[in-house]
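Those letters in the sequence shown? Residues 2 to 184, by our numbering. Just so it is clear, CB atoms sit at the ideal spot from N, CA and C, and this is done for glycine as well.
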Amino acid sequence: MMQRKAIGTAVFICSTLMVLLSGCSGMMGKISGADGPPQKMYIDATRNFAVEFPGDWEKFLDPDSDTLPGADAVGWQSPETEGSAPIARMAVIIPHEKLDFSQAKAEIARHVDGFTPGKEADIEVAGLEGKDLYGTNPLRQYRIILLGDPFVRYIILYSALPDQFATYQKQFKDMIKSFGTLR
Numbered sequence: 002m003m004q005r006k007a008i009g010t011a012v013f014i015c016s017t018l019m020v021l022l023s024g025c026s027g028m029m030g031k032i033s034g035a036d037g038p039p040q041k042m043y044i045d046a047t048r049n050f051a052v053e054f055p056g057d058w059e060k061f062l063d064p065d066s067d068t069l070p071g072a073d074a075v076g077w078q079s080p081e082t083e084g085s086a087p088i089a090r091m092a093v094i095i096p097h098e099k100l101d102f103s104q105a106k107a108e109i110a111r112h113v114d115g116f117t118p119g120k121e122a123d124i125e126v127a128g129l130e131g132k133d134l135y136g137t138n139p140l141r142q143y144r145i146i147l148l149g150d151p152f153v154r155y156i157i158l159y160s161a162l163p164d165q166f167a168t169y170q171k172q173f174k175d176m177i178k179s180f181g182t183l184r
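Written out as structure tokens, the structure reads:
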């Protein structure tokens with residue numbers, strides 16, 4: 002009789018735990034408080050940075066960035082596309098040359114077809130001073146963060162189709178908050 006009661010109690014406890022744990026399964030893999038897909042962490046020891054990105058975004062490597070030739074780019078693009086272009090892209094670009102803020106802005110304007118600069122403000126990310134730039138070209142809207150002083154060490158770039166820029170801005174802000182250098 003005592004053994005039957007112990008088995009019944011064990012079954013009850015296991016059943017209760019299964020019900021409680023199944024209610025938590027929707028948050029598995031998500032970063033606390035995050036909306037949308039779970040975030041993933043990217044750590045790049047070679048380029049000396051780490052950053053979180055939306056888990057359903059596709060990673061790309063661009064050893065010679067279109068935005069800044071002679072620079073490495075590691076980025077992510079949204080799974081949603083319009084035609085063959087991703088709706089939104091985010092990238093961390095590492096210049097090979099020593100560029101100050103003015104030189105970096107001039108290089109970006111020269112290599113992004115039809116780029117028109119917009120507002121600019123000071124910013125600090127991961128303890129690095131920088132400039133926060135907005136701009137457009139006929140196809141996309143841009144937010145570009147130049148980090149490092151006196152020379153730009155990192156360029157964090159976000160671009161999206163103009164009608165989707167605000168929609169993806171939250172993911173970019175989350176990426177900026179998570180950005181850090183490794184040493």
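Backbone secondary structure at residue i - three-state DSSP
i	result
Thr-168	helix
Asp-175	helix
Pro-55	strand
Phe-180	coil
Thr-47	coil
Neighbour-count burial assignment, residue i, 16 or more Cβ in a 10 Å radius
i	result
Gly-34	Low confidence applies to Gly-34: its pLDDT is 38, below 50, so where it sits in the model is not reliable enough to give any reading.
Ser-103	exposed
Lys-106	buried
Pro-87	buried
Leu-148	buried
Glu-125	exposed
Gly-71	exposed
Arg-141	buried
Ile-44	exposed
Ile-150	It is worth fixing the name first, because residue 150 is Asp in this sequence and not Ile. So Asp-150 counts as exposed.
Unbroken beta strand (DSSP E) run spanning residue i, endpoints
i	result
Ala-161	155 to 161
Arg-144	142 to 148
Cross-strand partners of residue i (DSSP beta bridge)
i	result
Phe-61	Gly-76
| message | Quick check on the DSSP output: what are the complete beta strand (DSSP E) runs of length 3 or more inside the region 63 to 133, in order along the chain? | response | 72 to 78, 89 to 96 and 117 to 126
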